[in-house]
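A short write-up of the structure that comes next.
Residue numbers (the numbering used here), protein chains in the order written: chain A, 139 to 396; chain B, 159 to 434.
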């Protein structure tokens, strides 16, 4: 079987006025692959992710996505209706701030069920059992099903966000610092969970992080960004063990040994 | 006799044309909220400024007008609006549903079935059914444009999760002609089935929000629900204390200081006709 890349990005450029947030970024993402994007704050990681997910219009370059429903499509020429349909069926988006990714005034069950209802599920009992199942998969107790995310801890909110995104079995998940702002032990649990879900569901993902530990644990390939450009890319272990670019070398050297 | 100093039906002719254009568009796209340049009316927002502008735009000398408020013909709001139109539009008024050509209503649909040729005008406080779920107007418009109504279903889910049933009793959202999600105005959900394939023309006017929408005659109107929690209307163990009806929407009244309760038809005309 000859596989085609799930996501092909070529020459992505995004400007905010005179500032260039992304310059000529390109890569192929293959099915089942997790691509990490690392770099310091302001290096254009999040902007890149939002461009890929179609949340921001591109100033240059193109993104092709191999959709199950529509075949290979150019995201720039995709209509808003289709983009939103893709976003809630074939894609997931986990944001750093769970307030952005969750409906805070809706119960956990409602949050998980929203995508299912958006694609036409109209059976309350089914919604409920699916939501319950997913809650357990992300290691949240079933008796929290009717609680609102406002009563959840940061780590639980992130896990709920992951469940909410994965419930429609997306093929591609965009993650923006999914463990940012969590304490280290909670981070470890979320990472563990993500790693097993990625394996189990054969997910592809683009993961933005500034934490090299997260990148090491979850990603297969890595892109290092600085000032909007990709300065180094390759297999994660190779980039982290044998960094070529001076900036990457500083980045890797700056991890505190414990 | 028309009050002197005012144009026929209070609004000037250009305004009425503008409103009629909005109504035509609303009828052409059932359930779609058409913006219109709502005018100041001689009554406060929330008292029926939208309904009164729609009525003013469509009323003629040959019409017979009925105005109800919560089903009753004799409440302040209904009496005032009825007198307003008899003064500025020289129009016949009635309390009999069957005799009216235009029925302006707040919060009820009459029990007597409407017929072809009749127009029912609803006063709408908040036309956007998604407003409490999504505060941004730009976003709700997009959701309507793309027919993305999952969030409305989420609110029903929350209701079932909290109460074991869909607890919404009024302003129960409907889908018109399989396309647009629409607020039926704050009528009790008891009246929702009456909107479905009704032979009369339904016009909805929201004065503060400046929106008009419509359901043309015989258009399917479906109340949204879950397969395992289907839409149901209210029922009562009692019958009307005056006319004995078991089919009509009943109001619970406290009739003395010791808390004695009575259930009465909310539709006063229906109740009176059954007793006569």
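Glycine included, C-beta positions come from ideal geometry on N, C-alpha and C.
In its own chain, which residues sit with a C-beta less than 7 Å from the C-beta of residue i, not counting the 5 before and 5 after it?
i	result
residue 303 of chain A	230, 231, 232 and 311
residue 379 of chain B	332, 334, 353, 354 and 373
residue 294 of chain A	278
residue 382 of chain A	370
residue 297 of chain A	276, 277, 278, 328 and 331
residue 357 of chain B	272, 273, 274, 375 and 376
Does the beta-carbon of residue i have 16 or more other beta-carbons within 10 angstroms, so that it is buried, or is it exposed?
i	result
residue 147 of chain A	buried
residue 302 of chain B	buried
residue 415 of chain B	exposed
residue 311 of chain B	buried
residue 357 of chain A	buried
residue 144 of chain B	Residue 144 of chain B is absent from the structure shown; chain B starts at 159 and stops at 434.
residue 195 of chain A	exposed
residue 255 of chain A	buried
residue 257 of chain A	exposed
residue 280 of chain B	buried
residue 392 of chain B	exposed
residue 412 of chain B	exposed
residue 174 of chain B	buried
residue 396 of chain B	exposed
residue 290 of chain A	buried
residue 329 of chain B	buried
residue 373 of chain A	exposed
residue 337 of chain A	exposed
residue 394 of chain B	exposed
residue 325 of chain A	buried
residue 141 of chain A	exposed
residue 425 of chain B	buried
residue 215 of chain A	exposed
What does residue i pair with, by DSSP beta-bridge criteria?
i	result
residue 165 of chain B	B:168
residue 208 of chain A	The partner list for residue 208 of chain A (beta bridge, DSSP) is empty, contrary to what the question assumes.
residue 175 of chain A	A:346 and A:361
residue 229 of chain A	A:310
residue 361 of chain B	B:279 and B:372
residue 411 of chain B	B:420
residue 370 of chain A	A:362
residue 226 of chain B	B:263
residue 167 of chain A	A:145
residue 154 of chain A	A:157
residue 380 of chain B	B:333
residue 193 of chain B	B:369
residue 274 of chain A	DSSP output for residue 274 of chain A lists no bridge partner at all.
residue 400 of chain B	According to DSSP, residue 400 of chain B bridges with nothing at all.
residue 339 of chain B	B:333
residue 250 of chain B	B:222
residue 292 of chain A	Looking at the DSSP assignment, residue 292 of chain A forms no beta bridge with any residue, so it has no partner.
residue 346 of chain B	B:328
residue 201 of chain A	A:147
So which residues on chain A does residue i lean against when the C-beta distance must stay under 8 Å?
i	result
residue 297 of chain B	Neighbours of residue 297 of chain B on chain A: none; closest Cβ ~12 Å, over 8 Å.
residue 387 of chain B	262
Give me the chain B residues within the contact set of residue i, using Cβ-Cβ distance strictly less than 7 Å, ordered along the chain.
i	result
residue 244 of chain A	312 and 316
residue 265 of chain A	315
Give every residue of the same chain whose Cβ lies closer than 8 Å to the Cβ of residue i, excluding the five residues on either side of it in the sequence, and list them in chain order.
i	result
residue 350 of chain A	176, 378, 389, 390 and 393
residue 240 of chain A	249, 287, 295, 298, 299 and 302
residue 429 of chain B	398, 400, 401, 403, 406, 422 and 423
residue 333 of chain A	355 and 356
For residue i, which residues in chain B fall below 8 Å Cβ to Cβ?
i	result
residue 284 of chain A	319 and 320
residue 247 of chain A	315 and 319
For residue i, which residues in chain A fall below 9 Å Cβ to Cβ?
i	result
residue 304 of chain B	218, 219, 222 and 223
In chain A, what lies closer than 7 Å to residue i by C-beta?
i	result
residue 384 of chain B	260, 261 and 262
residue 308 of chain B	252, 255 and 256
With a threshold of 6 Å on Cβ separation, who are the neighbours of residue i within its own chain once the five nearest residues in sequence on each side are excluded?
i	result
residue 251 of chain A	265 and 269
residue 366 of chain B	203
residue 314 of chain A	184, 187, 233, 234 and 346
residue 338 of chain B	189 and 190
Could you tell me whether the Cβ of residue i comes closer than 8 Å to any Cβ of chain E?
i	result
residue 323 of chain A	Absent here is chain E; the protein component of the structure consists of chains A and B.
| Do the segment 220 to 231 of chain B and the segment 358 to 377 of chain B touch if we need at least three Cβ pairs shorter than 8 Å? | no
| How about the segment 258 to 268 of chain A and the segment 380 to 398 of chain B: do they share at least three Cβ pairs that are nearer than 8 Å? | yes
| message | Taking 8 Å as the cut-off, does the segment 168 to 186 of chain B touch the segment 199 to 218 of chain B (at least 3 CB pairs, one atom from each stretch)? | response | yes
| query | Below 8 Å, can you find three or more Cβ-Cβ pairs linking the segment 313 to 320 of chain B to the segment 239 to 254 of chain A? | reply | Yes, they touch.
| When the Cβ atoms of the segment 267 to 284 of chain A are set against those of the segment 194 to 207 of chain A, are three or more pairs found closer than 8 Å? | no
| field | Validate contact between the segment 398 to 410 of chain B and the segment 245 to 265 of chain B using beta carbons, cut 8 Å, 3 pairs | value | no
| task | Please determine if the segment 222 to 235 of chain B and the segment 259 to 272 of chain B are in contact, where contact requires at least 3 C-beta pairs separated by less than 8 Å. | result | yes
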